[in-house]
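Chemist: One structure coming up, written as structure tokens, with questions to follow.
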Amino acid sequence: MGGGDADAGGEPAAAQATLHIRCTNGSKFAVRADLGATVGTFKAIVADSCDVPAPQQRLIYKGRILKDEQTLASYGVETDHTIHMVRGAAPPPASTAPAANQEPTTAAPASSPAAGLGGLLQNLGATGAAANSGGLGLFGSGLPELDHMQQQLAENPNLMREIMNMPLMQNLMNSPELIRSIIMNNPQMRELIDRNPDLAHVLNDPSIMRQTFEAVRNPELMREMMRNTDRAMSNIESSPEGFNMLRRMYETVQEPFLNATTMGSEGDRNSNPFAALLGNQGSNQARDSAANGTTTASDTTSGAPAPNTNPLPNPWGPNAGSAQGAARSPPATNTRSTTAGGPGGLGSADFGSTLGASGGGSDATFLTQVLQNPTMMQMMQNIMSNPQSMNQLLNMNPNVRNMMESNTQMREMIQNPEFIRQLTSPETLQQLISFQQSLMSQLGQQQTGQERTQSASGAGNVNLNTLMNMFSGLGAGGGLGVPNAPNVPPEELYATQLAQLQEMGFFDTQENIRALAATAGNVHAAVERLLGNMGQ
Amino acid sequence: MASSASQASLLLQKQLKDLAKNPVDGFSAGLVDDSNIFEWQVTIIGPPDTLYDGGYFNAIMTFPQNYPNSPPSVRFTSEMWHPNVYPDGRVCISILHPPGEDPNGYELASERWTPVHTVESIVLSIISMLSSPNDESPANIEAAKDWREKRDEFKKKVRQCVRKSQEML
């Protein structure tokens, strides 16, 4: 240090000092400047060597930030020393608040599924599906402004199809839990389900829900279902006890559903069911008078009015006030139960044949649907467990009574509780109905019958394909007349036994018929005969 | 004692010359007063890609007479908001703690001060601390809570410190 001072004293003129500038980006360069100059002046010299303007330069030397007013010498800067330079940034502008508002976006999806689901459930109600009436009422009563949209949806099948094909609706349909929770939110619906446990089974069955949704998606399928319902109603009204059965079903099932779908405060809706009932009653009284004038059920059946060719009107649509529309749209449960309870109107052999024959080809769709309905099972159980009602049903038809007297085995079979339980099981009835349809088609067309038998035997559950096949067979079924008792073919005579054999695993229809004919309808003997043949 | 002080003075003189000749990016160090070799002034440039980017933080390093056997103390003179910096500016990192076992049991003995450390390594450790706060044993409990639970609050306060340090230039 002393030597340095001596050198400085020796040289009067201030010499240019070489200083090294080190930038934060790693670049390094040398600058010649006078140590007596101010930092501000020095920054201007540095600016010439780099692209950083003087105001943005930050010079740091030995832990100090150099001030513009001070001189380089005051900071102890000497030649060959290094000064750090950092580029100072301009003050950043204040950040603006985010302009995006998420609230409107959230509200839009919430309204779409509600509207779509409301329209969906409304149309399900129109098809007579009892399981969905409650859901329809839930949305109808909760959202009054939804009525207009429901009408639009009901009148436009294409719009309904588009809504059903949306991914959102697909997800809704694939989650039975969600649908069940929606239906259970209605207090009246919950009370109704508490009184009728079987209805809860229907509502909780995903397969029934899915089938109903499939029907709503397909306008042709929905129209066909409506036509079948109307035809079944006409057949029921023409039978002697049909009207009483209809009234009973209405009071126990249809009326509570209607009350559950409409709130007490809406008086105009509550009055509709009673007006419809009165109108229906008047109409049926006239039909009863016409029926009383005839001597045979066959004439009454032939004299029944032709079924409607157009789809039934929508009770909740613009024609909500129409008594005829309301009267002719009961759930399928009532239709099928009444048919099962009124075999006298149609001559047939035993109870199983009665169920199949009374349905006919035109009721194939609802027969398959009813088979999966626990409520219908319960009603059949009640009818068959009561000996008096059983005898009444059998005695209503002279042919059936004669057959019962002449064949004691037949009477024993029908009055056997185990046999009745087996007969009323859903699997047996389902196979029986499918087999009956196959046999009826087989009478007209041998080839078609063979194909149907194979497809029917392999079907574990009713699905859309089976429904379509049965629709294609409607024409053949319609052409069949009421067969005479003495000329009943073996297929119809032994329909019950054939169903049992198929259930046991014997799928050869011709072999089964041959064995039953040889053993006069004894299932056990037929089984032994079939097993013996296999042994050979 | 005189011999130890002489050793410390010589060592610090050497390190000071080295830093002047071969500066290290990220900080600049020098004496507060040319007559006192045991007190240094350090300017730490905010590390890039961290919350402290753009800031210039001044600190005073005070070396003991028996350096390098004992660690120096570092105290920020600029306003600093960090979990490992006390409200009065003192820095609390493991390498600045005296040798031996930690009375509180938070750090290993190998993490504490060793004589091999230099001014450069100390300042680099502080820069690393700015990048990665340690909230397990915080010196500033409020800052640690902000860092842990309310990160936005923490960022806002750090930005205030950065802006204030820029204004003091």
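The listed protein sequences correspond, in order, to chains A and H. Taking our numbering, I'd label the letters of the first sequence as residues 16 to 551. Taking our numbering, I'd label the letters of the second sequence as residues 1162 to 1330. Don't be surprised by glycine CBs; every beta carbon is placed ideally from N, CA and C. These figures come from a predicted structure and were not determined experimentally.
Which residues of chain H have a Cβ atom closer than 7 Å to the Cβ of THR39/A, listed in chain order?
Modeler: Numbered from 1 along the first sequence, position 24 holds the residue referred to as residue 39/A. Result: ASP1186, ILE1206.
Chemist: So with CB distances below 7 Å, who are the chain H contacts of ALA86/A?
Modeler: Locating residue 86/A in the first sequence gives position 71, counting from the first residue. The sequence shown places Thr at residue 86/A, not Ala. In chain order: nothing, as chain H lies at least about 16 Å away.
Chemist: Let me know the beta strand (DSSP E) ranges lying completely inside the region 1200 to 1275 of chain H, each 3 residues or longer, listed in chain order.
Modeler: Here the runs fully enclosed are 1217 to 1223, 1234 to 1237.
Chemist: Just to confirm before moving on: does the CB-CB distance between ASP95/A and THR33/A stay below 8 Å?
Modeler: As a working mapping, residue 95/A is identified with position 80 in the first sequence. As a working mapping, residue 33/A is identified with position 18 in the first sequence. Taking 8 Å as the Cβ cut-off, ASP95/A and THR33/A qualify as a contacting pair.
Chemist: May I ask you to verify whether the region 1168 to 1179 of chain H touches the region 1197 to 1207 of chain H, counting CB pairs closer than 8 Å and requiring at least 3?
Modeler: The region 1168 to 1179 of chain H, when compared against the region 1197 to 1207 of chain H, does touch it at the 8 Å Cβ threshold.
Chemist: Rounding to the nearest angstrom, what Cα-Cα distance links ILE1283/H and PHE1315/H in this structure?
Modeler: To locate residue 1283/H, count along the second sequence from 1; it is residue 122. To locate residue 1315/H, count along the second sequence from 1; it is residue 154. So the two alpha carbons sit approximately 25 Å from each other.
Chemist: Candidates LEU1212/H, PRO1276/H, ILE1205/H, ASP1249/H: which alpha carbon is nearest ASP1313/H's?
Modeler: Reading the second sequence from its first residue, position 152 is the one you call residue 1313/H. That would be LEU1212/H, whose Cα lies nearest to the Cα of ASP1313/H.
Chemist: I need the straight-line Cα distance from ALA541/A to GLN525/A, nearest angstrom please.
Modeler: By one-based count along the first sequence, residue 541/A stands at place 526. By one-based count along the first sequence, residue 525/A stands at place 510. The alpha-carbon atoms of ALA541/A and GLN525/A are separated by roughly 13 Å.
Chemist: Could you have a look at ASN499/A and say whether DSSP puts it in helix, strand or coil?
Modeler: Counted from its first residue, the first sequence places residue 499/A at position 484. No answer about ASN499/A holds up, because its pLDDT of 42 lies below 50 and its placement is not dependable.
Chemist: Report the rounded CA-to-CA distance for TYR1247/H versus ILE1221/H, giving the unit in angstroms.
Modeler: Counted from its first residue, the second sequence places residue 1247/H at position 86. Counted from its first residue, the second sequence places residue 1221/H at position 60. Computed Cα separation, rounded: 14 Å.
Chemist: Chain H beta carbons: is any one of them nearer than 8 Å to that of ILE75/A?
Modeler: Here residue 75/A refers to the residue found at position 60 when the first sequence is read from its first residue. So yes, ILE75/A belongs to the interface.
Chemist: Which runs of the beta strand (DSSP E), 3 residues or longer, sit entirely within the region 499 to 523 of chain A?
Modeler: Complete beta strand (DSSP E) runs here, min 3: none at all.
Chemist: Is it right to say ASP63/A is buried, meaning 16 or more other beta carbons lie within 10 angstroms of its own, or is it exposed?
Modeler: Here the question's residue 63/A lines up with position 48 in the first sequence. Flag for ASP63/A reads exposed.
Chemist: Give the residues of chain A in contact with ASP1195/H, contact being defined as C-beta atoms less than 9 Å apart.
Modeler: Here the question's residue 1195/H lines up with position 34 in the second sequence. Within chain A, the residues near ASP1195/H are GLY91.
Chemist: Apart from the five residues on each side of it in sequence, which residues of its chain come closer than 6 Å, Cβ to Cβ, to PRO1225/H?
Modeler: Working through the second sequence from its first residue, we reach residue 1225/H at position 64. Only SER1231 meet the Cβ criterion.
Chemist: Check THR53/A in the structure and name its three-state DSSP category.
Modeler: On the first sequence, residue 53/A is found 38 positions in, with the first residue counted as 1. Three-state result, THR53/A: strand.
Chemist: Excluding sequence positions up to five away, which residues of its chain have a Cβ less than 6 Å from the Cβ of LYS1318/H?
Modeler: Numbered from its first residue, the second sequence carries residue 1318/H at position 157. TRP1242, listed in sequence order.
Chemist: Quick one: using the 10 Å Cβ neighbour count with 16 as the cut-off for buried, is GLU543/A buried or exposed?
Modeler: Taking the first residue of the first sequence as 1, we reach residue 543/A at position 528. Classification of GLU543/A: exposed, given that the 10 Å Cβ count is below 16.
Chemist: Enumerate in chain order the residues of its own chain whose CB-to-CB distance from GLY1350/H is below 6 Å, with the five nearest sequence positions on each side excluded.
Modeler: With chain H covering only 1162 through 1330, there is no way to say anything about residue 1350/H.
Chemist: Taking the alpha-carbon positions, what's the ARG1236/H to SER1298/H distance?
Modeler: Position 75 of the second sequence, counted from the start, is the residue given in the question as residue 1236/H. Position 137 of the second sequence, counted from the start, is the residue given in the question as residue 1298/H. In a straight line, the C-alpha of ARG1236/H is about 18 Å away from that of SER1298/H.
Chemist: Using 10 angstroms around the beta-carbon of PRO1229/H, count the other beta-carbons present and answer buried if the total reaches 16, otherwise exposed.
Modeler: The residue you call residue 1229/H lines up with position 68 of the second sequence. Buried.
Chemist: Does any C-beta atom of chain A lie closer than 8 Å to the C-beta of GLY1250/H?
Modeler: Reading the second sequence from its first residue, position 89 is the one you call residue 1250/H. For GLY1250/H, the answer is no, since every Cβ of chain A falls outside 8 Å of its Cβ.
Chemist: Does DSSP classify THR227/A as helix, strand or coil?
Modeler: Counted from its first residue, the first sequence places residue 227/A at position 212. Correct three-state label for THR227/A: helix.
Chemist: Tell me whether ASN1197/H sits in a helix, a strand or coil according to DSSP, three-state version.
Modeler: Along the second sequence, one-based indexing puts residue 1197/H at 36. If DSSP states are grouped into helix, strand and coil, ASN1197/H belongs with the strands.
Chemist: Just to confirm, are GLU506/A and ILE528/A a CB contact at a threshold of 8 Å?
Modeler: Taking the first sequence and counting its residues from 1, one reaches residue 506/A at position 491. Taking the first sequence and counting its residues from 1, one reaches residue 528/A at position 513. A contact, by the Cβ cut-off of 8 Å.
Chemist: If distances are taken between C-alpha atoms only, which option among ASP1195/H, GLN1176/H, ALA1181/H, VAL1203/H comes closest to ILE1287/H?
Modeler: Counting from 1 along the second sequence, the entry for residue 1287/H is found at position 126. The shortest C-alpha separation from ILE1287/H is found at VAL1203/H.
Chemist: Using a cut-off of 9 Å between C-beta atoms, extract the partners of LEU1192/H located in chain A.
Modeler: On the second sequence, residue 1192/H is found 31 positions in, with the first residue counted as 1. Going along chain A in sequence order, the residues near LEU1192/H (Cβ under 9 Å) are LYS77, GLY78, GLY91.
Chemist: In chain H, what lies closer than 8 Å to VAL101/A by C-beta?
Modeler: Counted from its first residue, the first sequence places residue 101/A at position 86. The contacting residues are ILE1206, TYR1217.
Chemist: The region 1257 to 1287 of chain H: which residues have C-beta closer than 9 Å to a C-beta of chain A, in chain order?
Modeler: Hits within the stretch: zero.
Chemist: Kindly list the residues whose CB is nearer than 6 Å to the CB of GLU1272/H, restricted to its own chain and excluding five residues on each side of it in sequence; keep chain order.
Modeler: Position 111 of the second sequence holds residue 1272/H. So the qualifying residues of the chain are SER1255.
Chemist: For LYS1175/H, which residues of its own chain have a beta-carbon under 8 Å away from its beta-carbon, when the five flanking residues on both sides are left out?
Modeler: Position 14 of the second sequence, counted from the start, is the residue given in the question as residue 1175/H. Within the same chain, LYS1175/H has no close Cβ partners at all.
Chemist: Is THR86/A closer than 8 Å to HIS35/A when the C-beta atoms are compared?
Modeler: If you number the first sequence from 1, residue 35/A lands on position 20. If you number the first sequence from 1, residue 86/A lands on position 71. In this structure, THR86/A does not lie closer than 8 Å to HIS35/A by Cβ.
Chemist: So is TRP1201/H in contact with chain A if we call contact Cβ pairs under 8 Å?
Modeler: Indexing the second sequence from 1 puts residue 1201/H at position 40. Yes, contact with chain A.
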